[in-house]
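Reviewing the structure listed below.
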Amino acid sequence: MSNLSAVEPPDNPARSNETGHQDHNLLELRGIRAAYERIDVLFGVDLVVPEASVVALLGPNGAGKTTTLRVAAGLHVPSAGDVLIAGRRVNGAKPEELARHGLCMIPEGRGIFPNLTVRENLRMMTYVGRSLAEIEEIAYSRFPRLAERRTQTAGTLSGGEQQMLAMARGMATEPALLILDELSMGLAPIIVAELYEMVAQVARSGVSILVVEQFASTVLGVADYAAIMVHGRIERAGRPDELAADLSKAYLGG
Amino acid sequence: MAQLAVRGVTVRFGGNVALDGVDLDADPGMVTGLIGPNGAGKTTLFNVITGLIPLNSGSIQLNGAPMNDLSPTKRARRGLARTFQRLELFSLLSVRENIRVAADIRKGWARDGSDPAAVTEALIERIGLGAVADARVDALPTGQCRLVELGRSLATRPEVLLLDEPASGQDENETLAFGALLQELAAEGMAVVLVEHDVHLVMRVCHKVHVLDFGRIIAVGDPQQIQTNPAVVAAYLGTPG
Amino acid sequence: MDKFLTFTIVGLATSAIYAVIASGLVLTYTTTGIFNFAQGAIGMLAAFTYWQLRFSWGWPTPVALIVVLFVLAPLFGILIDRVIMRGLQDTSETTKLVVSISLLIGMIGLAQIIWDPNVSRPYATFFATSKPLAIGPTTITWHQLITIAVAIAVAIGLRFLLYATRIGIAMRAAVDDRPLATLNGARPHRVSMFAWAIGSSLAALGGILIAPLVPLEAGTLSLLIISAYAAAIFGRLRSFPLVFVGAIVVGCTEGYLSGYLPQNQYLPGLRLASPAILLFIVLLLLPNPRLRGRTRSREFFPMPSRRGALGFAAGVTAAGVVLATTMSQPDLVTYGRVFSVGIIALSLVPLVGFAGQVSLCQLSFAGIGAIVMAHLGHNGNPIALVWAVLITAAIGAVIALPALRLSGIYLALGTAAFAIALDRWIFTLPKFSVFGLFNIDLFQQGSVSVDPLRLFGFTFDTPGSQMVLLSSVFALLSLLVVAIRRGRFGRRLLAMKDSEAACATLGLNLLGTKVTVFALSAGMAGLGGALLGSQLSSVSPQNFDLVTGLPIFALAVVGGIGAAGGALFGAVSLAGLLPLLAALLPSVSQYLVILPGLAGIGLGRNPNGAVHDLREGFMPIAKSRIVLVATVVVLAGLYAIRMLDAIDNWTYALLTMTTPLVAVVAATLLRRERADGVVPLEWRGVTEPWTDDDVRDLDRVLGLTEVELHGAARG
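Protein sequences, first through last, are from chains A, B and C.
Residues 119 to 372 in our numbering are what the first sequence spells out, letter by letter.
Residues 314 to 554 in our numbering are what the second sequence spells out, letter by letter.
Residues 2 to 716 in our numbering are what the third sequence spells out, letter by letter.
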């Protein structure tokens, strides 16, 4: 692990995959370097999210996963490298512009307003140009449990339901690419499993998903591809079954 | 008797249980690790031990004396010190001044013959920041800020030292040196509690590791036992789904 | 029972007004994070505007109402938001506070410019001619009835706005999580603009309803709504239903006080001060806050050097001597307050600048100091100064006790309430005795005379000698402030300002530290007040009221509250430049009252303070020894020529002011010339041996403070 710099550009099957042709990559990061003030966080990250697939970005805390997502969503400007969306270079684009191109990011820690009701939370999404009725329709059809809770304050929902609401809000934009950061944060394993079943459903409807997750085993059941990130670099990438063995080492050492 | 003994500590925020009957011992001369996934309650536990957050039940003892009713200030004077995950440095002051403030504060309550200026200089040397001693801490990279916080907490000459992710923001060499320093401190008789995400550091320096998940201690043991404990692996990696 | 009912109705009508104003305040606070001290002043301006339209120009009531409430007030709110408040992100609470206080000062000034305060303006209540309605044994006027109905309508309207409209939901979303609301297309600028528009409309509504019940005077009207602040705090600045409950509690208490308070000579002031006292009580009932962690802000005040501090003190003393020897007697009287006001402003530096604790009652402490001097300083007995310091310090320490629980906006409100309680009630008390031991007659219900100070057999009874005395005292105190900043206590204060949580975990006694700095600061203000008193020779409560004190606070912060220079800047602008401008431009002198407000509003653009920039500007002089010496020689020479009466005051002043400017240019040119022959940094020590200057240059480039060469070489 000490000679990381000597490792060749990550052998990312997502890239060499037959569907991974340039035009069919919804998101592509090329040689992304990023820093907070003067501290370097990312040292040349290459990552591809092909159309209609789920890519899991895994790794221990502080590896730079969230920063990678923030760069992809336009929330953090990289110091080097290119961000491509559907083959078009979008370096320096504002988050709201990317949102209009069909990118939706659900940040860590539940993107909901706790003192607003479920319905009001959904109503905040009417800015995308859809009526509340349409948005509610999309949300409740995907997450029927929210329909029962529509007049309840979001803060009183269970953790899993809050996360469903956050995803429902994201779906209101009918995104082509959904970026999920630590969906499982603070949730019991059984709820996490349930949530990822819904993620899989969303993916089946044709939405590409890039997900950062600590609960690696759970997400690997859903993901088409996965990459393990350590110290600001993609250390391994491949099909989930190829990676399972490396995970424990990345997280717990040994 | 452990220097710091946490017994059945439970903390609720509204309806959520942040800590659920947590037990933790920290002994002199040892580095005690506390690891766990994000949001497991590690920082909350530190806040409870130092008195910044009230607990709902359980007890916290230092050298056998209960501290539940003491203010953070009084706990510090009993020999408890800590660093903060979200750096709480005095940004308006230089590195030297940050440590000096702490040395002066200690002198104010300990009323011993120590010389705060000498204590400060010795600590600056020990944490290896002599070259930037007069720089404002705001101008330093995170890794060095972590060291300043360590130096500052050492200036109160604590018996128990709680470190909250002290290595995050440090590069590999810094982390190596930092690990050695922690072992030195423990060897001098301090009880060190280390919350850290860099598992390699934890496994290298800790004598004993506690694993916290969903506010509960799910495992205690030496590093090797922890690495192979199925419950720990599941807590970190989730169950295959 | 009739009486009870009558005063209940009075109380409820007042409550209704407070509720309207307070809900506007809470709306802007929750959605934009800015506590608008000028909320009352907006109501005041609206009340005056309405008077102009309705009673002076005779417009029909509905037209005047619509124009004020639905056009002018919202536009004014939007203007405040766009021009002033939007630039305040990332500034400290103190800066935000000063900006909104300055807005208050500026608006009071504006009202006084437009509407001559010496003219009385009758203001009729709504349906004044209609017969009051009978309710059982008592009656309710139409105005009262309308007021209560309006408050109910506002409550319903707000409920509708916040829960049933998209922008209202966006406002609540912004309260919950502002960054997330932005990510979700809430368009934060539109939300804050809307909040300011509605907030100032509500202020205007309250102002128009309250105006007929009180004399139409800018200052009084702006502060009348201190009760509305109490109601807002009751609602924790968050919950509208609680704000309404709070308004009812406060309004009815005031109603019953006016009905049932026994009639005696000590209590009329209490009635006037009751809103402030209620506010204080409500603040104390707030739940105990968690210890504050680190707060980030743009402000930074550098460490003063010993040399700089001595130079500053010498300069201030020299300026005092120069002014005393060159100015005419009337001018000395006019400008004499610069240094006494300066001392009061200086008292804010350790408290606000170092410790980050806000106090709006420094002038009240000064008033206490002046009273002590008046009563104990007969024949100029200097022991009275010691008493003034001790007594004010003790009172300051007591005020600090609740301060451990309060911070930021709450502390500002608490100290403001204390100032109001003093100037409306305590300072107006007739003679009373304490335990039959002392007879105390504070201001003798008017004004009290103060004897000139006598020190070492010398009586400071001329404006010139007072000027020299005060400038020396200011200089000495500035050295004290610098010594504090450089020493143990100062480091501790700065540390506490940064992170109370970290200080507590190091074993610092926060309460003790806060009490000490409050006592120190109050003592300094008391000393300043005592000296100001002996300079004015007669003082009255008006010299020390809250509204008079606010510009001192605001301008000291504008100058840069982290350094003695900032305090001097504030005092010079207030007691020097303003009178000077008024003398130079008599035709516009009446407009000058608005300047302190404008200066404070500009603070948002430069939160480090004006002195910081000035100092940077004049730095080249201090760096070049030749230029520094030459400047001092020229200044001394000019003074000598002036003393010989070879030039008049204007010429002297002009030359004295141009000298430093010329010196800056000279120093810069000299530097550039030398820089041409300079060895590039990376080559130093290679072609020639290292010198002290090389080390210093290197330190400067690397941003380190000076290191001894030998120490560095050894290490």
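Backbone N, C-alpha and C define an ideal beta-carbon position, used for all residues, glycine too.
Since we're looking at a predicted model, the values are computed, not measured.
- Taken in chain order, the complete beta strand (DSSP E) segments of 3 or more residues contained in the region 339-377 of chain B are 344-348, 370-375.
- In the three-state reduction of the DSSP assignment, L507 (chain C) falls in the coil class, being assigned neither a helical nor a strand state.
- Here L629 (chain C) has I622, A623 as same chain residues with Cβ atoms under 7 Å from its own Cβ, once five neighbours each way along the sequence are excluded.
- The DSSP assignment places 213-218, 236-241 as complete runs of the alpha helix (DSSP H) inside the region 193-246 of chain A, in order along the chain (cut-off: 4 residues).
- Beta-bridge pairing by DSSP links P168 (chain A) to A:N143.
- Assignment of beta-bridge partners to F433 (chain C) by DSSP yields C:I441.
- With fewer than 16 other beta carbons inside 10 angstroms of its own, N289 (chain C) counts as exposed.
- Identification of chain A residues near A174 (chain C) by a Cβ-Cβ cut-off of 7 Å yields F231, L234, M242, ordered along the chain.
- Taken in chain order, the region 360-411 of chain C contains no complete beta strand (DSSP E) segment of 3 residues or longer.
- Out of A:L160, A:L193, A:R151, A:L144, the CA that lies nearest to the CA of L181 (chain C) is found in A:L193.
- Residue-level contact by beta carbon fails for A500 (chain B) and chain C, as no gap is shorter than 9 Å.
- Within chain C, R492 have C-beta atoms less than 7 Å from the C-beta of R413 (chain B), given in sequence order.
- Contact between the region 323-334 of chain C and the region 364-384 of chain C is absent: fewer than 3 CB-CB pairs across the two stretches fall below 8 Å.
- M503 (chain B) sits in coil when the DSSP states are folded into three classes, being neither helix nor strand.
- Put simply, the CB of F301 (chain C) is near chain B, with a gap under 9 Å to one of its CB atoms.
- Within the same chain, and ignoring the five residues on either side of A212 (chain C) in sequence, the residues whose Cβ sits closer than 6 Å to its Cβ are A48, Y124.
- Taking CB atoms only, A182 (chain C) has a neighbour in chain A less than 9 Å away.
- For A152 (chain A), the beta-bridge partners assigned by DSSP are A:L160.
- Chain-order list of chain C residues neighbouring A389 (chain B): A505, T506, L507, G508, L509, by C-beta distance under 9 Å.
- Against chain B, the CB of K515 (chain C) has no partner CB under 9 Å away; the residue lies outside that interface.
- Taking the Cα positions, G441 (chain B) is about 25 Å away from G426 (chain B).
- With fewer than 16 other Cβ atoms from the protein chains shown falling within 10 Å of its own Cβ, W651 (chain C) counts as exposed.
- Within chain B, P454, T455, G482 have C-beta atoms less than 7 Å from the C-beta of I157 (chain A), given in sequence order.
- Cα atoms of Q270 (chain A) and T244 (chain A): separation of roughly 19 Å, rounded to the nearest angstrom.
- Between A564 (chain C) and V414 (chain B), the C-beta gap is not smaller than 9 Å, which leaves the two residues out of contact.
- Between A286 (chain A) and R260 (chain A) the beta-carbon gap is near 6 Å, inside 8 Å, which marks them as a contact.
- Taking the Cα of S450 (chain C) as reference, the smallest distance to any Cα among C:G415, C:S408, C:L533 is reached at C:L533.
- The continuous alpha helix (DSSP H) containing D499 (chain C) extends over residues 489-499.
- Judged by DSSP secondary structure, A212 (chain C) falls outside any beta strand (DSSP E); it is assigned neither H nor E.
- Of all residues in the region 464-491 of chain C, only R489 come within less than 8 Å of chain B when Cβ atoms are compared, listed by chain position.
- With 16 or more other Cβ atoms inside 10 Å of its own Cβ, E146 (chain A) counts as buried.
- Residues of chain A with a Cβ closer than 7 Å to the Cβ of H520 (chain B) do not exist, since the nearest Cβ in that chain sits about 16 Å away.
- If the five residues before and after V323 (chain C) are omitted, its C-beta is found closer than 7 Å to the C-beta atoms of Y640, all from its own chain and listed in chain order.
- Contacts with chain C at 9 Å (Cβ-Cβ) include P225 (chain A).
- Just so you know, the alpha carbons of F313 (chain C) and W388 (chain C) end up roughly 28 Å apart.
- The three-state reading of DSSP puts K132 (chain C) in coil, since its state is none of H, G, I, E or B.
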